[in-house]
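Per our numbering, residue 167 is the first one in the sequence shown, and the count goes up by one each step. We treat Cβ as the ideally placed atom computed from N, Cα and C, and that holds for glycine. For clarity, every value in this text was computed on a predicted model and none was experimentally measured. Notes follow the structure.
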Amino acid sequence: ELAHFDDTGRGMRAKRSLDAGDAILAVPAKLLLAAPCLERSLRDAVGRASLSGSALQDVELALALLAEVVLRPQGAWGEYAVAHLPRPPHALLWAPSQLARLRHTSTGAEVEAAREELLELWRAHVRPAFKEVAPETKVSFRQFLWAFSIVESRGLSIQTPSTPPGGHGDSWWRSGARETLLCPVLDMLNHSVYSQLGWPRLEGDALVLRTIAPVAAGSQLFLYYGPLPSAHTLQYYGFVEQSMLAHDVV
167 ELAHFDDTGR
177 GMRAKRSLDA
187 GDAILAVPAK
197 LLLAAPCLER
207 SLRDAVGRAS
217 LSGSALQDVE
227 LALALLAEVV
237 LRPQGAWGEY
247 AVAHLPRPPH
257 ALLWAPSQLA
267 RLRHTSTGAE
277 VEAAREELLE
287 LWRAHVRPAF
297 KEVAPETKVS
307 FRQFLWAFSI
317 VESRGLSIQT
327 PSTPPGGHGD
337 SWWRSGARET
347 LLCPVLDMLN
357 HSVYSQLGWP
367 RLEGDALVLR
377 TIAPVAAGSQ
387 LFLYYGPLPS
397 AHTLQYYGFV
407 EQSMLAHDVV
């Protein structure tokens, strides 16, 4: 269940005791959002920009999310975003006074460069494309930054199977590809190196999350995001893990 914790904010808690191997969450494949879900006119617009690899995939997924929110606000992702996707703590959305504290660091320079690149992309390709798709709908650069920040802070990378997952998941499936997905509810798990959960996997027509260790009832559930340096967790997630301070600097 969703809960609020004093040290980590909103997260997920076990309502009952769990054994290793228990499935705690199964999200239907049809609810997952990925770059291939982006409508062709917007994808073509981004394709004219000089992007490739993961950068292109992240931008396409951000636009897929933005399109769901502004063009289909009554849809599943439109309603989920309003209820559960507030402004993420990503440094791209920090106030100038916050960024000023990182002005003479590599992180500060990286954030400023990323904002400039995204603004150029927005002006040259994204804004004109949205005007063609929905001329009556106003979409701002701030909304684009929000969607991109959601992807970078909540995106989940998985290896897709060789066959479609079923349940209409074939709308985003690409055989054997490494795909970044947005997954409702699962994206609310906080990070810890002491995670009790394995990495989510597609099982049939759902993305399933299982425990790898016993969990006591009432405990917060954590997902291990990976071996991330403190500068990365600060920039993308807005925190520095206490256990890393003896080994890392920002």
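Inset, instruction - Please determine, among Arg179, Gln408 and Ala343, the residue with the shortest C-alpha to C-alpha distance to Leu191. - result: To locate residue 191, count along the sequence shown from 1; it is residue 25. Answer by Cα proximity: Arg179.
Inset, instruction - Tell me, to the nearest whole angstrom, how far the beta carbon of Val305 is from that of Leu222; I am working on the premise that it is less than 8 Å. - result: Indexing the sequence shown from 1 puts residue 305 at position 139. Indexing the sequence shown from 1 puts residue 222 at position 56. About 20 Å; that fails the 8 Å criterion.
Inset, instruction - Please go through the same chain and pick out, in chain order, the residues whose beta-carbon is closer than 7 Å to the beta-carbon of Tyr402, but skip the five residues on each side of it. - result: For the purposes of this step, residue 402 is taken as the residue at position 236 of the sequence shown. Apart from sequence neighbours up to five positions away, the residues of its chain that approach Tyr402 with a beta-carbon distance below 7 Å are His256, Glu318 and Ser319, ordered along the chain.
Legend entry - Beta-carbon spacing of Tyr246, Pro350 below 9 Å: The residue you call residue 246 lines up with position 80 of the sequence shown. The residue you call residue 350 lines up with position 184 of the sequence shown. It is a contact, given that the beta carbons lie within the stated cut-off.
Inset, instruction - Could you tell me the distance, in whole angstroms, from the CA atom of Glu205 to the CA atom of Val299? - result: Counted from its first residue, the sequence shown places residue 205 at position 39. Counted from its first residue, the sequence shown places residue 299 at position 133. Going by C-alpha positions, Glu205 is about 10 Å away from Val299.
Inset, instruction - Can you have a look at Glu345 and say buried or exposed, based on whether 16 or more other CB atoms are within 10 angstroms of its CB? - result: Position 179 of the sequence shown, counted from the first residue, corresponds to residue 345. Buried, because 16 or more other Cβ atoms sit within 10 Å of the Cβ of Glu345.
Legend entry - Same chain, Cβ closer than 6 Å to Asp188, neighbours up to 5 away in sequence not counted: Here residue 188 refers to the residue found at position 22 when the sequence shown is read from its first residue. If you ignore the 5 residues before and after Asp188, its C-beta comes within less than 6 Å of the C-beta of Thr377, all in its own chain and listed in chain order.
Inset, instruction - Please name the residue or residues paired with Val381 in a DSSP beta bridge. - result: In the sequence shown, counting from the first residue as 1, residue 381 sits at position 215. Paired residue(s): Leu184.
Inset, instruction - Could you pull the start and end residues of the beta strand (DSSP E) that His170 belongs to? - result: Stepping through the sequence shown from its first residue, residue 170 is reached at position 4. Its beta strand (DSSP E) spans residues Leu168 to Phe171.
Inset, instruction - Return the chain-ordered list of same chain residues with a C-beta closer than 7 Å to the C-beta of Arg209, the five sequence neighbours on each side being excluded. - result: For the purposes of this step, residue 209 is taken as residue 43 along the sequence shown, with counting starting at 1. Counting only Cβ-Cβ distances below 7 Å, and skipping sequence neighbours, we find Glu226.
Inset, instruction - Please go through the same chain and pick out, in chain order, the residues whose beta-carbon is closer than 6 Å to the beta-carbon of Asp353, but skip the five residues on each side of it. - result: Counting from one through the sequence shown, the residue named residue 353 turns up at place 187. The residues are Arg320.
Legend entry - Close-in-space but distant-in-sequence residues of the same chain around Arg253 (CB under 7 Å, 5 per side omitted): For the purposes of this step, residue 253 is taken as the residue at position 87 of the sequence shown. For Arg253, where only same-chain residues beyond five positions count, the Cβ hits under 7 Å are Leu259 and Trp312.
Legend entry - Nonlocal neighbours in the same chain, by C-beta distance under 6 Å from Phe296, ignoring five residues either side: Counting from one through the sequence shown, the residue named residue 296 turns up at place 130. The residues Val305, in chain order, have a CB closer than 6 Å to that of Phe296 in the same chain once the five nearest residues on each side in sequence are set aside.
Legend entry - Three-state secondary structure assigned by DSSP to Thr346: Translated into positions along the sequence shown, residue 346 becomes position 180. The three-state secondary structure of Thr346, taken from DSSP, is strand.
Inset, instruction - Give every residue of the same chain whose Cβ lies closer than 6 Å to the Cβ of Ala228, excluding the five residues on either side of it in the sequence, and list them in chain order. - result: Position 62 of the sequence shown, counted from the start, is the residue given in the question as residue 228. Result list for Ala228: Ala313, Phe314 and Val317, in chain order.
Inset, instruction - Within the same chain, show all residues whose beta-carbon is closer than 7 Å to that of Leu285, passing over the 5 residues directly before and after it, in chain order. - result: Residue mapping note: residue 285 aligns to position 119 of the sequence shown, counting from 1. In chain order, Phe307 place their CB closer than 7 Å to the CB of Leu285, counting only its own chain and leaving out the 5 sequence neighbours on each side.
Legend entry - Coarse secondary structure for Glu302, derived from DSSP in three states: Locating residue 302 in the sequence shown gives position 136, where the first residue counts as 1. Residue state, collapsed to three classes: coil.
Inset, instruction - For Ala200, count neighbouring C-beta atoms within 10 Å of its own C-beta (all shown protein chains included) and say buried if the count is 16 or more, exposed if not. - result: Sequence index remark: in the sequence shown, residue 200 carries index 34 (1-based). Ala200 comes out buried.
Inset, instruction - Please indicate yes or no: does the CB of Pro252 lie closer than 8 Å to some heavy atom of the ligand GTP? - result: No copy of the ligand GTP occurs in the structure displayed, which carries no ligand at all.
Legend entry - Spatially closest choice to Leu237 from Ala382, Glu302 and Gly384, by CA coordinates: Start at 1 with the first residue of the sequence shown, and residue 237 comes out as number 71. Comparing Cα positions, the closest option is Glu302.
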